Structures are given as structure tokens and as C-alpha cells.
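Residue numbers (the numbering used here), protein chains in the order written: chain A, 10 to 328; chain B, 2 to 191; chain C, 5 to 410. All C-beta atoms, glycine included, are put in the ideal place defined by N, C-alpha and C. Here the structure is a predicted model, which is why all the values come from computation and not from measurement.
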Amino acid sequence: MNLKRLPRKVGWLLLEKPKLEKAYKELKDREDLGTPGSGNCLGCVLEKTLRFTFQVLGRNTVAVFGGGCVAIGFAGYDRSPGMKITTVLPLLTHTASLSTGIKRHFQRTGQDVNVVAFCGDGSTADLSLASVSAAAERGENIIYICYDNQGTQNTGAQATTTTTYGLATPTAPAGARYHGKASFGKDMALLMALHPGVSYAATGSMAYPYDYKAKLEKALEVKDGMVYIHVFSPCVSGWDTATDNTLTISRMAVETNLFPLWEAEHGKFRLTKSLTFHKPVREYLKLIGGFSHLSGRQIDELQREVDKRMGHLKALAAS
Amino acid sequence: MKEIRIHGRGGQGAVLAASLLALAFVIEGKSAGGFPHFATFEKRYSPVSSFVRFDEKEIREQMQVYSPDCVIVLDAGLVKAVDLFQGLRNGGMVVWCQANIPEGLALPQSASKVGLVDAPRIATDVLGARIYNTIMLGAFARTTGWVEPKSIVSAVRQKMAEDLVEKNVKAVMAGYEGARVVDRQEGQGT
Amino acid sequence: MIVVETRAPVRHKVTAVTGLEAAAHAVRLARVPMLSGYPITPQTYIIEYLTGMIDRGELDATFIPAESEHAVMSFMIGASLAGSRTFTATTGQGLAYMYEPYFLASTLRVPVVMAIAMREMIGPSSGFPSHQDIITVRDAGWVQLYVEDNQEVLDTTIMAFKIAEHPDVLLPVNVCFDGFYVSYSTARVEIPEQAAVDGFLPPYRPTHISLDPQLGICVNNVAISGQLVMEYRHSHAQGMESAKRVINEVDEEFGRVFGWRYGGLLEKYRLDDADLVLVTMAGICGTARAVVDQARERGLKLGLLKLRSFRPFPAAELRQALEGKAAAGVIDRNLSFGWGAGVVHTELRAALLGAAHPPHVVGFIAGLGGLEITLDQFDRAIDVLQRAAAGQSVPQVTWLGMEGGK
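Next comes the structure, spelled out in C-alpha cells:
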């Protein structure tokens with residue numbers, strides 16, 4: 010019996026559910042380091058991602074939250090902190106360099122404290138790209154996690170340079186002259202993995218928490234360079250989708266190769282979720298309102314881009 | 002107050018020479034300043050200049066040098082590119098990096114003395130490199146008498162990298178001892 | 005420099021170094037463990053001075069190589085929040101690029117010390133001396149001290165750590181000096197011995213901030229409440245007010261230990277019996293002293309008021325110093341666009357409101373883009389000042405050095 014050919018639901022029950030349950034069971038006694046409540050939108054996967062991430066990383070951590078959704082969600086308001094660990098809310102433009110300053114002090118004074126930057130794509134891929142890239146080149150020993158919701162969602166879902174081709178945003182809406190995002194979006198995780206100072210780079214998704222958990226655990230072991238993890242983070246309001254749909258979308262992004270799961274240890278690439286058969290990208294697009302305007306030609310173009318990138322990744326993993 | 006201008010090319014140590022000379026004056030208890038030409042975007046082998054001024058009393062003015070009392074030339078070839086003696090005061094001095102004044106060099110009327118030193122030969126013998134700055138500082142001390150060579154030697158010991166010190170101390174003394182001073186009171190070149 | 009009698013004078017090593025090298029020696033003597041910098045003329049050499057000292061084992065510090073000034077200030081904020089004493093330097097466009105974290109440093113109350121080798125702002129593409137860069141960020145919450153020469157760079161940088169880290173102040177401090185004239189120029193400097201500086205400047209032990217992960221505090225969290233921001237700003241303003249007292253106290257203590265001081269917020273040079281006063285900052289004061297001495301020889305009662313602390317602005321002290329003088333001429337190496345005047349000029353006018361016998365104030369714009377402020381320009385300024393004192397009609401602002409062109 011070929012398990013891969015089983016109906017979707019059955020396949021999930023047999024192959025995925027046990028691993029997922031095991032991952033959560035292992036975290037049962039780990040403290041949730043977020044404070045109760047969240048300032049994020051209903052259904053946003055970011056809260057889940059954030060609580061999960063810090064449960065794995067543990068208390069010996071200073072968190073540096075880039076502005077945006079994570080700041081609104083967990084930096085805390087006025088005199089109430091949003092986390093049980095010490096948190097610094099930096100500028101959108103310097104999360105990596107501020108984290109560097111903190112970590113360098115800990116290193117000089119012999120304190121083994123994790124410095125974890127947790128920051129969105131607008132900040133990471135756009136506003137502070139120079140800062141992130143330079144920290145990576147120097148191999149600063151920080152754990153940098155970018156949650157990619159493909160837009161400056163906190164300001165009303167304008168596009169960033171990671172936004173997927175065709176998504177309708179205020180920057181390029183769906184209409185007579187605009188047809189959604191006109192460019193394909195950069196592969197930030199791959200870009201980061203190619204920095205020699207990045208000892209460990211990976212992509213992660215809350216649809217595969219066991220995979221993400223294993224990657225965070227590897228991140229904690231790294232003492233000789235930077236860690237960069239790029240986490241997929243669907244946006245309910247910005248992408249126009251149902252509030253109970255974000256994990257399904259996350260799963261579909263992996264299954265269509267739009268957001269493949271991989272890791273690179275010291276430049277050695279490995280696909281951590283290898284698919285024998287991948288679904289066409291239109292299956293993913295169907296789940297998201299922001300893509301409903303796409304023409305057949307646009308879908309074909311996006312499919313070609315996804316295939317091309319997957320080819321690159323497979324070549325890297327095979328080398 | 003006396004003012005000095007040093008002409009060289011990027012990489013020949015004109016700026017370091019100004020700094021060394023300023024320190025030498027300070028070592029002798031004088032007030033002194035040394036600085037690069039502000040508008041110099043120093044590129045390897047492009048013409049550069051630097052300045053030094055010193056006085057027995059405290060120097061408070063912050064100004065560049067326009068009318069030097071002495072011009073030190075580290076590279077004879079500069080004559081084609083730069084107005085080397087611009088603004089030289091009457092009774093001023095020139096310290097030239099060759100054994101003789103080259104034919105056709107138009108020394109200004111204002112130059113009263115020229116110090117000549119065979120910098121290329123000394124550099125080959127002492128330094129093993131075509132860098133004349135410390136040699137020329139020795140020649141400057143001999144020509145002007147404004148500073149003791151041992152003060153320049155002390156400055157070299159303070160400021161230069163350890164592996165360069167002994168060679169350059171020799172270069173200063175060789176420049177001092179090897180310099181020939183030509184009096185031009187009559188306004189005639191020799 | 006005001007010479008002070010000391011009981012046990014500190015031994016100094018007499019040498020000649022550039023202004024930036026003097027700053028680096030201050031950093032070494034202050035035992036600053038966390039450093040960074042990005043090259044920009046005329047500040048570039050600070051980097052090799054600092055890494056050279058680390059390389060030779062003279063300074064035990066981490067120098068973080070940076071990709072931009074923006075990153076430099078961000079390193080400094082991070083390291084300072086975590087507990088390090090920190091130092092860097094910049095100028096001009098670098099300062100402008102740094103503006104966003106520059107503001108954050110002061111509002112988070114991290115006592116970073118940053119030297120400014122002041123230069124003109126672009127365009128046209130000038131990188132030459134002017135105070136326009138630092139004057140433009142005057143309201144970003146930093147203490148800004150303006151110094152005259154290489155010795156004052158060294159001494160004030162040491163004092164700056166003590167001022168910045170004072171529990172009543174807790175603000176970042178700029179030590180501002182003229183690019184090229186001071187930053188790249190070699191001049192006589194006396195370097196004090198380490199033990200004396202150790203006695204004067206204790207190690208930095210922050211009590212107002214900690215990044216201990218167990219604390220669970222949030223630094224710089226989202227301020228929904230205007231009330232919270234009002235409290236932050238009020239506390240910041242109080243820190244600035246306290247800085248006036250602390251700058252004077254630290255200056256006096258410096259004098260007692262090292263044998264000379266600088267007057268704290270401001271210095272009065274031949275001012276007591278003066279009728280006419282030149283008011284200016286930084287390197288211009290050097291030339292102005294010579295001008296005052298020459299004028300005195302001619303029998304003209306001219307004095308100099310050197311403004312050392314521009315932020316905090318010592319309004320009361322200026323008012324008192326200028327009380328009853330006939331005329332004051334402010335030489336600004338900067339321009340406040342829209343006022344058509346220099347910033348010190350406009351602020352001095354505000355400071356003099358309420359004075360019983362204020363002087364007639366005239367302003368001069370001079371030395372922008374590195375144009376030299378010559379003795380001829382000073383003569384012209386004194387002429388305007390004399391006419392103002394005699395009650396003649398003179399322009400409020402005179403541009404020096406471009407009379408021929410305009």
C-alpha cells in the first residue's frame with residue numbers, strides 16, 4: 010500500500026498526527042512564556058508561532074521583537090509586559106544590529122543568554138536588510154526568526170518584497186490597471202542561508218510543528234554563528250481568508266512547494282519535508298481571497314516561478 | 002610663528018611627516034600643529050600636501066596655511082603637476098629631494114635658501130624603499146635649524162610602528178648629515 | 005583652559021596627536037569595553053586608532069565592525085542596555101543616517117558617548133568643517149558639548165562618561181569638535197596617567213536598566229498612553245536640567261584632579277570688563293581668543309563667551325554673563341533655514357528675554373562648508389559690533405566671507 014496515495018485526511022491521521030502530538034506532548038511541561046491574551050487578529054497563526062517558539066527556546070532568553078504585528082501582539086502595552094522573559098522592542102530598521110549589541114555584551118561578560126530576534130518580513134527583508142545581512146556575514150551569535158506574513162500587515166497589508174506574486178494589496182490592488190503584486194517576491198531564507206556566517210538556516214511552518222520544533226532545538230545548539238529561521242505566517246485580514254483557515258493555508262503552502270521546508274547546516278542543504286507529489290499552486294491560491302482575481306496566465310507564471318525555485322532548492326540539497 | 006608646507010604623493014608619507022614634525026616641535030616645548038590639506042582626497046600616488054606650524058607661544062588660531070615659510074618637496078616629479086612654491090614668504094626656504102637643483106626648476110625670488118639632499122640614494126641605502134619623508138625631515142632640520150634632529154628622532158620613536166623605527170631613525174640622521182644648503186641671498190639659482 | 009592649583013598634580017605624558025587620537029586615548033583611559041564605528045571623513049581614523057589600541061593590548065575592548073552608522077548606534081544601544089559603557093564617533097551624513105536610533109538612544113536613556121567630528125551637510129557635496137550636522141539634531145535629546153582643541157577633546161570625552169552615567173542625568177553625550185581642524189590635526193596633548201582617570205571615573209554600573217532574562221520587563225514597549233510618554237519626556241527634561249549642574253560639578257572635579265578645567269557650561273575669556281562680546285562655539289573660539297587679545301592691545305574692550313554646552317542650553321548663565329554688556333556678536337557656523345540666522349544667535353535672543361540690561365545682539369553666519377573664518381572676517385564682525393554698540397543701525401545677521409559676491 011502506498012501511503013502517499015491515501016486520501017488526504019487518512020494520510021494526515023496516519024503520517025502527521027502522531028508526530029504532531031508527540032511534539033506538543035514534549036512541550037507539555039514547558040512554560041508558556043507569553044502573558045495571557047494577545048493583541049493580534051482572531052485566527053492569526055502568529056500567536057501560536059510565538060508561544061510555541063519561546064516554549065521551545067526557554068527562559069534563558071532575551072527577546073528582541075521587531076515592530077509590527079509581534080510588537081502589537083506581545084511587546085506589551087504601557088506598563089504591562091507581553092512576555093514573561095525580558096523583551097526589547099527595537100526600531101523596524103535595526104533588530105539584528107540592536108540584538109548584536111546585546112549579545113556582544115553577554116559574550117564579553119561571559120553570560121550564556123540566548124538573544125532571539127523575532128521580526129516580520131517588512132522589517133527583515135526590506136527596512137533592515139542591510140542590518141540582517143551584515144549580522145549574518147559577521148556570524149553574530151543571535152537566533153533571528155522572521156515570521157513572514159508577506160506584508161506590512163499592521164499598517165493595512167501593504168506589499169513587501171516577500172509578498173507572493175499576484176496578491177492584491179493596497180500597494181497594487183486587484184482592478185483595471187493593477188493586477189495585484191507585480192513581482193515574485195524574494196526568497197529571503199535562501200538569501201540568508203548563503204551567508205557564510207549563518208551556521209544554521211531553515212524554514213518553518215506551524216502546520217508542521219514537529220519539524221519547526223526540531224529546528225528551534227538545533228538553533229539553541231549553535232554557538233559559532235548566526236541562526237536564521239523563516240516562518241510562514243498567513244495573515245487573516247491582509248490576505249483575506251477565514252479565521253479558521255491559517256493552518257490549512259500553511260499546510261497547503263508546503264504541499265504546493267510554494268513554501269518548502271528545508272534546513273541548511275553550515276551551507277549543507279536538506280529538504281526536511283520531502284514530497285513525492287506536490288499539488289499545483291492553484292490549490293493554494295483558492296484558499297486566499299487576495300488571489301481570487303488572478304488570471305490563468307498569472308497562475309501559470311506563478312507556477313513556473315515556484316517550479317524553478319524548487320528546482321534550485323533540490324539542486325542545492327543534492328549537492 | 003613659522004609655517005611649513007609639505008608636498009608629496011599619496012603613499013609617500015606627507016601627512017605622517019607633518020604629524021612627526023609637529024610632535025618634534027612639541028618635544029622641544031613649542032606649540033605646534035600638523036594637518037593634511039583639507040580638500041585632499043588622498044589616492045595612491047596622487048599629489049597631496051600637508052602643513053605644520055609652530056610658535057614659541059601658544060597657537061590658538063585654527064586656520065590652514067597659505068603663506069609658508071618653508072616648502073618641503075618629497076617628489077621632484079610634482080613640479081609638473083603642482084604650483085609647489087605658491088605663497089612662499091620672502092626669505093622662505095625650500096627643501097628639495099635631490100642632490101642638485103634640476104635644470105629648469107623655477108625657484109621663486111622669495112626663496113632665500115635651498116636644502117638639497119640625495120633622497121633617492123639614501124632611501125635605497127637606508128630604507129630599501131622609495132619613501133623620502135623621514136629623510137626630508139632630517140634635511141629640513143639641517144636647512145632651517147628650526148628643530149633639532151634628535152627631536153625628530155624622538156618623534157619617529159613615538160609615532161612609527163616598531164619595525165620601522167630604527168630604519169627611519171637612520172633615515173632622519175642621514176638626511177640631516179647629507180643635506181647641502183645653498184644660500185640664494187642674491188636671488189640667483191646655483 | 006583654566007589652570008587649577010592641585011595638591012597632588014597628576015603626571016601627564018606630553019605628546020602630539022590628532023583630535024581623533026585624543027578621543028581614542030580618552031576611550032582607552034575610560035576603559036570602554038564596547039566600541040564601533042563606520043568610516044566617514046573627517047572621522048575615519050578613529051576606527052584604526054581604536055582597533056590599533058586593541059591590537060597592541062592597550063585597550064581590552066570589543067570593536068564591532070559595522071555596515072552603517074545606523075547599525076553603529078544600534079550596537080551601542082543594545083550593548084548599553086545590556087550594561088556596557090559604550091563609545092563611537094561619526095559626522096555629517098553618518099549622523100543623518102543614524103538619526104532614527106540616535107533619537108532612540110536618548111529616549112531610552114542609554115549613556116552612550118559619541119564624538120562628532122563636525123562637518124557640513126550635503127549638498128552641494130561638501131564634507132568640510134561646519135556645525136550644521138550636529139546643530140540639526142539639537143532637539144533629539146542628547147547632551148551636546150562643543151570643544152575647541154585636541155586637549156579639550158581628550159579631557160571632555162573622559163568627563164562625558166561621568167556626565168552621561170550620572171544617576172541624575174542618564175543621557176547620551178556628544179563631544180563635538182571641528183572636523184579636519186581638530187579631528188585630523190596633530191597638536192600638543194597631555195595624556196594623564198591611568199590611575200588618575202580610574203580615580204576620577206568609576207566603572208559603569210547601570211541601576212536604571214537590566215536585560216536580565218528572568219526579570220520579564222519590556223524595554224521600549226508600546227505606549228498607548230500619552231500619559232506614559234509625558235512622564236518619559238518630563239523625566240528626560242529633568243535629566244537635561246540636572247545635566248547643567250552635573251556638567252559644572254564634573255568640570256570642577258576634573259580641575260581638582262588633573263590641574264585644569266574648562267568652565268563647565270561656558271567659559272568667559274577676558275569678559276568681566278568687556279563692553280563688546282563675541283559669542284561662539286568650538287574651534288572658532290581659538291581664533292576668537294587671538295582676536296580678543298589683538299583688540300585689547302588696540303584698547304578695545306572685547307571679550308569672548310565660549311559656549312561649551314549647547315544642550316542643555318545654559319540660558320540663565322548666558323543672561324547673567326552678558327548682563328550690562330553693550331553688544332554681543334554671535335558667530336554661527338550653522339544656519340537655521342527659515343530664520344535666516346544661526347541657531348546660537350536665535351537661541352541667545354530667547355535666553356536674553358527678561359534680562360534687565362541685555363546687550364544689543366547681532367548675528368554672523370560664517371565658515372560654512374569649511375570656508376575659513378579669517379582675521380579679516382573677524383575685523384568686519386567687530387566693526388558691526390562697534391556700530392551696534394554705538395546705537396547705529398546694523399543688520400541683524402551678516403554673512404561673513406561672501407561680501408564680494410553679494
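Whether or not the region 169-179 of chain C and the region 142-149 of chain C are in contact is what I'm after, with contact meaning three or more pairs of Cβ atoms, one per stretch, closer than 8 angstroms; do they touch? Remark: three or more beta-carbon pairs, one from each stretch, lie closer than 8 angstroms, so the region 142-149 of chain C and the region 169-179 of chain C are flagged as touching.
Tell me which residues share the same chain as residue 189 of chain B and place their Cβ nearer than 7 angstroms to its Cβ, disregarding the 5 neighbours each side in the sequence. Residue confidence for residue 189 of chain B is low, a pLDDT of 48 falling below 50, so the modelled location carries little weight; the figure read from the coordinates is stated next. Excluding sequence neighbours, residue 189 of chain B sits near nothing in its chain.
So residue 27 of chain B contacts chain C; which residues on that side make the cut at Cβ distance below 9 angstroms? For a Cβ distance threshold of 9 angstroms, residue set 18, 19, 20, 190, 191, 192, 193 of chain C lies close to residue 27 of chain B, ordered along the chain.
So, for residue 170 of chain B: in the same chain, excluding its five sequence neighbours on each side, which residues have a beta-carbon less than 6 angstroms away from its beta-carbon? Sequence-distant Cβ neighbours of residue 170 of chain B in its own chain, meaning closer than 6 angstroms and more than five residues away, are 154, 157.
On the DSSP letters alone, give me the boundaries of the beta strand (DSSP E) that residue 94 of chain B sits inside. Where residue 94 of chain B is concerned, the enclosing beta strand (DSSP E) starts and stops at 93-97.
Buried versus exposed call for residue 271 of chain C [16 or more other C-beta atoms within 10 Å across all chains shown]: That one is buried.
Closest by CA to residue 90 of chain A, which one among A:143, A:19, A:46, A:250? If we check each option's Cα against that of residue 90 of chain A, A:46 comes out closest.
Closer than 7 angstroms at the beta carbon, the chain C residues around residue 115 of chain A: For residue 115 of chain A, the chain C residues whose C-beta falls within less than 7 angstroms of its own C-beta are 86, listed in chain order.
My assumption, with CB atoms under 8 angstroms, is that residue 32 of chain B sits in contact with residue 192 of chain C. Please give the rounded CB distance. With a Cβ gap of about 6 angstroms, residue 32 of chain B and residue 192 of chain C count as contacting.
CB contact check: residue 4 of chain B to chain C, cutoff 8 angstroms: No, residue 4 of chain B does not count as interfacial toward chain C.
What is the DSSP secondary structure of residue 403 of chain C, reduced to helix, strand or coil? The answer is strand: DSSP assigns residue 403 of chain C an E or B state.
Give the DSSP-derived three-state secondary structure of residue 56 of chain B in the structure shown. It is a strand residue.
From which residue to which residue does the beta strand (DSSP E) around residue 213 of chain A run? 207-214 is the span of the beta strand (DSSP E), which, as asked, contains residue 213 of chain A.
Assign residue 53 of chain A to one of three DSSP states: helix, strand, or coil. Residue state for residue 53 of chain A is assigned as coil, using DSSP reduced to three classes.
Those residues which DSSP pairs with residue 90 of chain C across a bridge: DSSP output for residue 90 of chain C lists C:38 as bridge partner(s).
Using the three-state DSSP reduction, which class does residue 131 of chain C fall into: helix, strand or coil? Residue 131 of chain C: coil per DSSP, three-state reduction.
Mind listing which residues of the region 52-78 of chain A have their C-beta closer than 7 angstroms to chain C's C-betas, in chain order? Correct list: 68, 69, 70, 71.
Write down the C-beta distance between residue 311 of chain A and residue 160 of chain A rounded to the nearest angstrom, noting that I regard them as a contact closer than 8 angstroms. Between residue 160 of chain A and residue 311 of chain A the Cβ distance is about 17 angstroms, and since that is not below 8 angstroms, they are no contact.
Start-end ranges of the beta strand (DSSP E) lying completely within the region 20-74 of chain C, minimum 3 residues: Along the length of the region 20-74 of chain C, whole beta strand (DSSP E) runs at least 3 residues long occupy 38-41, 66-69, reported in chain order.
Once the 5 residues before and after residue 67 of chain C are set aside, which same chain residues still bring their CB inside 7 angstroms of it? Excluding positions up to five away in sequence, the list reads 39, 40, 54, 55, 58.
Looking only at C-alpha atoms, which of C:375, C:378, C:382, C:389 sits nearest to residue 365 of chain C? The residue with the shortest Cα to Cα distance from residue 365 of chain C is C:389.
In chain order, what residues of the same chain lie with their CB nearer than 6 angstroms to the CB of residue 233 of chain C, ignoring the 5 residues before and after it? Within the same chain, residue 233 of chain C has close Cβ partners 227.
Contact set between residue 185 of chain C and chain B, taken where Cβ atoms lie within less than 7 angstroms: Per Cβ cutoff of 7 angstroms: 63.
Assess, as a yes-or-no matter, whether the region 139-155 of chain B is touched by the region 13-25 of chain B under the definition of 3 or more beta carbon pairs within less than 8 angstroms. Between the region 13-25 of chain B and the region 139-155 of chain B, the count of Cβ pairs shorter than 8 angstroms is three or higher; the stretches touch.
From C:139, C:301, C:331, C:111, pick the residue whose C-alpha is nearest to that of residue 348 of chain C; which is it? When C:139, C:301, C:331, C:111 are compared, the shortest CA-CA separation from residue 348 of chain C is found for C:139.
For the candidate residues A:52, A:210, A:57, whose alpha-carbon lies nearest to that of residue 33 of chain A? Scanning A:52, A:210, A:57 for the CA closest to the CA of residue 33 of chain A turns up A:57.
Between residue 257 of chain A and residue 65 of chain C, what straight-line distance do the alpha-carbon atoms span, to the nearest angstrom? Note on geometry: alpha-carbon atoms of residue 257 of chain A and residue 65 of chain C lie some 51 angstroms from one another.
Closer than 8 angstroms, CB to CB, is residue 90 of chain A near chain F or not? Among the protein chains in the structure shown, which are A, B and C, there is no chain F.
Under 7 angstroms from the C-beta of residue 317 of chain C: neighbouring residues of chain B: Listed along chain B is no residue with a C-beta nearer than 7 angstroms to that of residue 317 of chain C; the closest approach is about 24 angstroms.
Let's see if you can read the secondary structure: which residues bound the beta strand (DSSP E) around residue 70 of chain B? That residue, residue 70 of chain B, is in no beta strand (DSSP E); it is neither H nor E in DSSP.
For residue 312 of chain C, which three-state DSSP category applies? DSSP places residue 312 of chain C outside both helix and strand once states are collapsed to three, so it counts as coil.
Got a sec, what are the start and stop residues for the beta strand (DSSP E) residue 27 of chain A sits in? From DSSP, residue 27 of chain A is part of no beta strand (DSSP E) but of the alpha helix (DSSP H) over 26-35.
Whose C-beta lies closer than 7 angstroms to the C-beta of residue 186 of chain C among residues of the same chain, with five residues either side of it excluded? For residue 186 of chain C, the CB contacts under 7 angstroms within the same chain, skipping 5 residues up- and downstream, are 23, 153, 154, 157, 287 in chain order.
For the beta strand (DSSP E) containing residue 148 of chain C, name the first residue and the last one. Run containing residue 148 of chain C: 147-150, per the beta strand (DSSP E) assignment.
From residue 192 of chain A to residue 281 of chain A, what distance separates their C-alpha atoms? For the pair residue 192 of chain A and residue 281 of chain A, the Cα-to-Cα distance works out to about 28 angstroms.
Quick one: is residue 133 of chain A near chain C, going by C-beta distance under 8 angstroms? False, the Cβ-Cβ gap to chain C never drops below 8 angstroms.
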